[in-house]
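The sequence shown lines up with residues 0 to 274 when you count with numbering that gives the first Met the number 0.
Heads up: the structure comes next, in structure tokens.
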Amino acid sequence: MALSFIEIQAQNKVLILGIDGCRPDALLATRTPNIDQLWQNGAYTFKAKTDNLSWSGVCWTSMLTGVWKEKHKVYGNGYENPNIEEYPHFFNLAKQQQPDLRTYSIINWSPIHKILQENDATVMKNRLTDGMVTRSVANALKNEDVNVMFVHLDHVDHAGHSTGFTPDNPKYIRAIEKTDKNIGKILNSLQKRKNYANENWLILVSTDHGGSGTNHGEATPEHTTIFYIASGKDVEKGEIQKPVYITDVAVTALKHLNITLKDEWKLDGHVSGLK
Ligand SMILES: [Zn+2]
């Protein structure tokens, strides 16, 4: 049999890097070589939009369910009555079609895990610092069988709340620089995967909201403008021209994992940045 008849299909995998409270204008004003190589060789927009109610709980839930708060019902950081039976975490949707997927969620801010139902995440870890999150992520990526991973880093949001969410605040800028270094370590360990050459990773980088002064939560451009970066072999390189929303993250991840997007899921997000 001729070898040319055998198509070797690379295995599609997804890594989502969530940087809490990172304004796009501040990101662009910071020296971030690791994040830069992702967007400069990928699909990107620095004009994407998060929810008008720009609290972390609301926005992370929109990112990870692919629907807005009117559906997922998370209206704040208390996660009182999330409507996860009807609008679950995208890990749940993915596993409906591919039950063997190995799904990882490694985070700093623990409430994010309140929308995970039993078995949604194969591995879930909540770490106290971004350094610990980074080490845990790097270890898992280097050594374990991972199909999709969500990572949450909190240091930038913390700097914003304590010293101000502005590009002219050196402490906020330094926090973004430090986060870029952590992302560099994560990307480095990803490339050390034994089977990396046969894997087709889509890397998505985004944030839940911006901020002004020392807070966020409002419907102002400073709070609701976010960035969206997609990197990998299957992305359409360059600035994304259509409107992009935080809900696109889950939907784009599902698409790359070869999940059929079902109408009955009533997803609000769209696929963004892929060919
Ligand atoms: Zn946040």
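Beta carbons: idealized from backbone N, C-alpha and C, even for Gly.
First and last residue of the uninterrupted alpha helix (DSSP H) at residue i
i, result
"E79", "That residue, E79, is in no alpha helix (DSSP H); it is neither H nor E in DSSP."
"K347", "In the structure as shown, the chain begins at 0 and stops at 274. Residue 347 is therefore absent and cannot be evaluated."
"K94", "89-96"
"I34", "32-39"
"V122", "Where V122 is concerned, there is no enclosing alpha helix (DSSP H), although the beta strand (DSSP E) it sits in stretches over 122-125."
"A346", "Residue 346 is absent from the model: the chain starts at 0 and stops at 274."
Cβ pair residue i, residue j closer than 8 angstroms
i, j, result
"Y171", "A25", "yes"
"T224", "K48", "yes"
"F89", "L127", "no"
"N91", "D119", "yes"
"S55", "D207", "yes"
"I245", "C21", "no"
"I18", "V155", "yes"
"E44", "E238", "Reading the sequence as shown, one finds Thr at residue 44 and not Glu. Going by C-beta atoms, T44 is nearer than 8 angstroms to E238."
"V136", "I185", "yes"
"V147", "A9", "no"
"D267", "W67", "yes"
"I106", "N76", "no"
"L16", "I175", "no"
"Y78", "K113", "yes"
"R173", "L140", "no"
"D153", "T31", "no"
"W37", "V204", "Residue 37 is actually Leu in this sequence, not Trp. Against a cut-off of 8 angstroms, the Cβ pair of V204 and L37 comes out as a contact."
"A229", "G272", "yes"
Counterpart residues of residue i in DSSP-defined beta bridges
i, result
"A47", "I225"
"Q10", "E198"
"L145", "First, the residue type needs correcting, since residue 145 is Val and not Leu in the sequence shown. In DSSP, V145 forms no bridge with anything."
"L52", "Looking at the DSSP assignment, L52 forms no beta bridge with any residue, so it has no partner."
"V150", "L16, I105"
"L273", "V234"
"A42", "A229, G237"
Beta carbon proximity, residue i to chain C, threshold 8 angstroms
i, result
"F89", "Protein chain content of the structure displayed is limited to a single chain, and chain C is not contained in it."
Beta-carbon separation (whole angstroms), residue i vs residue j, contact threshold 8 angstroms
i, j, result
"V150", "V122", "Not really, about 12 angstroms apart at Cβ, beyond 8 angstroms."
"V234", "V250", "So it is not a contact: roughly 15 angstroms between Cβ atoms."
"L276", "W200", "Here the chain covers residues 0 to 274 and nothing more, so residue 276 does not appear."
"P93", "L256", "The amino acid occupying residue 93 in the given sequence is Ala; Pro does not appear at that position. Yes, they are in contact, since the Cβ atoms of A93 and L256 sit about 6 angstroms apart, within 8 angstroms."
"K12", "V145", "7 angstroms"
"L42", "K177", "Position check: residue 42 holds Ala in this sequence, whereas Leu was assumed. Not quite, the Cβ-Cβ distance comes to about 26 angstroms (not below 8 angstroms), so this is no contact."
"S53", "E198", "No, S53 and E198 are not in contact; Cβ-Cβ is about 35 angstroms, not under 8 angstroms."
"H160", "T213", "5 angstroms"
"G231", "I202", "6 angstroms"
"P98", "Q116", "In fact, because the Cβ distance is near 14 angstroms, the residues do not count as touching under 8 angstroms."
"N80", "K70", "Not confirmed; about 13 angstroms, so no contact."
Terminal residues of the beta strand (DSSP E) in which residue i lies
i, result
"N142", "Per DSSP, N142 belongs to no beta strand (DSSP E); it is in the alpha helix (DSSP H), 129-142."
"T259", "Careful: T259 lies outside any beta strand (DSSP E) and carries neither H nor E."
"H276", "In the structure as shown, the chain starts at 0 and stops at 274, and residue 276 therefore has no counterpart that could be examined."
"S104", "102-106"
| Start-end ranges of the alpha helix (DSSP H) lying completely within the region 176-256, minimum 4 residues | Runs found: 220-223, 247-255.
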